[in-house]
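**Student:** Counting in my numbering, the final residue of the sequence shown is number 487, and the numbers go up one at a time with none missing.
Here you go, one structure.
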Amino acid sequence: MRQQDHRRFRLLDFSANEITDAIASRIPSNRVNQPVPNPQTIPANLPACANSDCDCGDLNTQAEAQAVFDAFASSGDPHKLDQDKDRIACESLP
């Protein structure tokens, strides 16, 4: 094999993991698996975790959880507060 052909094949010699890592490194970390609306549209009375990732353990009451759930209703349930899909958030909270 000529040296020029060898160089050409070497450029194509990447593993799937290397390609996946290269692509993933270009995705901003705040956009990975988090369909959260623009923070400017989030009501000020919601807990701070509403801007990132709330779960039932971050919230004190079912009413507070329901307010977060309702604020994001148009985006589905990005915080996964309604596990049984009955549109009632964090039913185990007081």
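Don't be surprised by glycine CBs; every beta carbon is placed ideally from N, CA and C.
Could you name each continuous alpha helix (DSSP H) segment of 4 residues or more that falls completely within the region 440-478, going from the start of the chain to the end?
**Tutor:** 455-464
**Student:** Which residues in the same chain as E457 place their Cβ atom closer than 7 Å to its Cβ, once the five residues preceding and following it in sequence are excluded?
**Tutor:** P440
**Student:** If we ignore side chains and look at the alpha-carbon of each, how far apart do C447 and S467 end up?
**Tutor:** 16 Å
**Student:** Buried or exposed for D475, going by 16 or more other Cβ atoms inside 10 Å?
**Tutor:** buried
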